[in-house]
Amino acid sequence: MTGDEVKKLIFSNGLKCWQVAYAWGISDGNFSRKLRKPFNESDTQKLYEIISKLTAQQNGGAIT
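Numbering (this note's numbering), first residue to last: 1094 to 1157.
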């Protein structure tokens, strides 16, 4: 998954890159650098998990 695809996925879910970076446990600057190279399979899986968790929180659901 390329950096552009990652950003489109984040924005299409109503999120900001800094929110994903914070949930990932890295600074937004480091996340921005991470977007320069394609995501590997494990990073892509982690991204989907974070987006799922954050969108559930935005929609009032609670994931533990």
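A virtual CB, placed ideally from N, CA and C, is assigned to each residue, including glycine.
Sequence-distant partners of TRP1111 (beyond 5 residues in either direction) whose C-beta falls short of 8 Å from its own C-beta, in its chain, are ASP1121, PHE1124. If you compare the alpha carbons of GLY1153, GLN1151, LEU1147 with that of TYR1115, the shortest gap goes to LEU1147. From the listed residues ASN1106, SER1145, SER1105, LYS1139, the smallest Cα separation to GLY1118 is found for LYS1139.
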